[in-house]
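S.K.: The sequence shown begins at 332 in our numbering and counts up by one. No residue lacks a Cβ here, since even glycine has one placed at the ideal position from N, Cα and C.
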Amino acid sequence: MTEALPDVPARPATVVDGVVLLDKPRGLSSNVALQKVKRLFGVRKAGHTGSLDPLATGLLPICLGQATRFSGFLLDAAKTYEVEAQLGARTATGDTEGEVVERCAWEGIERDALCGLLGGFRGRISQVPPMYSALKQGGERLYRKARRGEEVERPPREIEIHSLELVSWDPPGFGLEVSCSKGTYVRTLVEDIAREAGSCAHVTALRRVAAGPFTADGMYSLDELQALAARGPDELGDAVLSVDTALSGLPAVSLSEEEVLRLVRGQVIEAAPGGAVGLLRGYGPRGFLGLLQRDAAGGMRAKRLLDTSGLS
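1) Taking contact to mean 3 or more Cβ pairs, one atom from each stretch, closer than 8 Å, check whether the region 501-515 and the region 411-426 are in contact.
2) What are the partner residues of H379, as DSSP defines its beta bridges?
3) Start and end of the beta strand (DSSP E) containing E441?
4) Is it the case that the Cβ atoms of V584 and G613 are separated by a distance below 8 Å?
5) Go ahead and pull the three-state DSSP assignment for S579.
6) Grab me the residues of G425's own chain with a C-beta within less than 8 Å of its C-beta, minus the 5 sequence neighbours each way, in chain order.
7) Is DSSP giving D501 helix, strand or coil here?
8) Tell me whether the region 547-561 and the region 378-396 touch, counting them as touching only if at least three CB pairs, one residue from each stretch, are closer than 8 Å.
9) Answer yes or no: do E508 and E491 have a C-beta to C-beta separation smaller than 8 Å?
10) Keeping to the same chain, check which residues put their C-beta closer than 8 Å to that of L594; ignore five residues upstream and five downstream.
11) Pull up the CB-CB distance for P385 and L365, whole angstroms please, since I reckon it's below 8 Å.
12) Can you say whether C446 is buried or exposed, counting buried as having 16 or more other CB atoms within 10 angstroms of its CB?
13) Between which residues of its own chain and A436 is the CB-CB distance below 7 Å, once the five residues before and five after are set aside?
14) For Y551, write down the residues that DSSP places opposite it in a beta bridge.
15) Is Q598 buried or exposed, if buried means 16 or more other CB atoms sit within 10 Å of its CB?
16) Write down every uninterrupted run of the alpha helix (DSSP H) in the region 391-431 whose length is 4 residues or greater and which is fully enclosed by it, in chain order.
17) List in chain order: all unbroken beta strand (DSSP E) runs of 3+ residues lying wholly within the region 438-488.
18) Report the partner residues of R538 according to the DSSP bridge assignment.
19) First and last residue of the alpha helix (DSSP H) that includes L365?
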């Protein structure tokens, strides 16, 4: 059932740079949720870091202002979900939003047997994306084809299941906690597990509890954000994490003012040997600078920086 949603008033345009951890309510698309937060903060630029289905609830990191420069790096981050499912029925959409298309027996399935099957789904596996997905084929979203009753072939894609545990068992209902890579369809994972067990299933509830460096602990609901805004514009600042929290899983490096200027000008700077290779968080005398790339030879260059127009 779709939950009642708060009417979010607009604020005058302002400058806010950072990340807000939204607890997305059920029944709201990720894009609508994004627009409500954007309107509430009065920012011109905002973006989320990985869609949640309208059915799903939970952690939706929203990047505001200059934080949007790094939102793409969070799209590839691992996500963790709590999922509730029910054996005995498969639906067209893989969840409670679709009509039942298959009925299956489930009474012979036991908890230990189901737990034993989960090991085969951990690690790198292939998964066929569902028809009800936003993937495009022939320039059209698959879910649009599905709504017309069309079924097209979808090539399997490789995903990674980092962890997968059975956390509740109340047959025909059961619950899982899954940590997975980008591109994983939890609805399809539930269907595949049930099929391996000799039955069928669909998702009844889905909640994201972690995404990259972020966890559910710091989330705010739309109601809570609106309450902060009602107490005054400055109160909303309490809900905004600094831009660099989006990259907190990366090694950090400190730079001198001279090194910062060289990077801003597109030059490569030589770093001390023995440091981490790959992406780094860069900090100068004035604070967080942006994302840097270090090669095996020790050279560092700018990958994506905050607005540095005042430094060059």
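M.R.: Result, derived from the coordinates:
1) yes
2) What you label residue 379 is simply residue 48 of the sequence shown in a count that begins at 1. Paired residues: I393.
3) Residue 441 sits at position 110 when you count from the first residue of the sequence shown. Counting along the chain, E441 falls outside any beta strand (DSSP E), and DSSP gives it neither H nor E.
4) Within the sequence shown, numbered from 1, the residue matching residue 584 stands at position 253. Within the sequence shown, numbered from 1, the residue matching residue 613 stands at position 282. Taking 8 Å as the Cβ cut-off, V584 and G613 qualify as a contacting pair.
5) In the sequence shown, residue 579 corresponds to position 248, counting from 1. S579 falls in the coil class under three-state DSSP.
6) The residue given as residue 425 occupies position 94 in the sequence shown. The residues are P461, Y463, Y516, R518, T519, V521, E522, H533 and V534.
7) Along the sequence shown, one-based indexing puts residue 501 at 170. Strand, per DSSP.
8) yes
9) As a first step, residue 508 is located in the sequence shown; it is residue number 177 there, counting from the start. As a first step, residue 491 is located in the sequence shown; it is residue number 160 there, counting from the start. No, the pair does not count as a contact, with Cβ atoms beyond the cut-off.
10) Indexing the sequence shown from 1 puts residue 594 at position 263. If we look at L594 and ignore the five residues flanking it on each side, its Cβ neighbours are L586, I600, G613, L620, L623, M631, R632, A633 and L636.
11) Here residue 385 is taken as the residue at index 54 of the sequence shown, counted from 1. Here residue 365 is taken as the residue at index 34 of the sequence shown, counted from 1. Incorrect: roughly 13 Å between the Cβ atoms, too far for contact.
12) Residue 446 sits at position 115 when you count from the first residue of the sequence shown. Classification for C446: exposed.
13) Taking the first residue of the sequence shown as position 1, residue 436 is located at position 105. Here the set comprises S530.
14) Mapped onto the sequence shown, residue 551 falls at position 220. In the DSSP output, where bridge partners are listed per residue, Y551 has L353.
15) By 1-based counting over the sequence shown, the position of residue 598 is 267. That one is exposed.
16) 402-406
17) 454-458
18) Residue numbering aside, residue 538 sits at position 207 when the sequence shown is read from its first letter. BP columns for R538 point to T388 and E413.
19) Looking up residue 365 in the sequence shown gives position 34. Start and end: S361 to F372.
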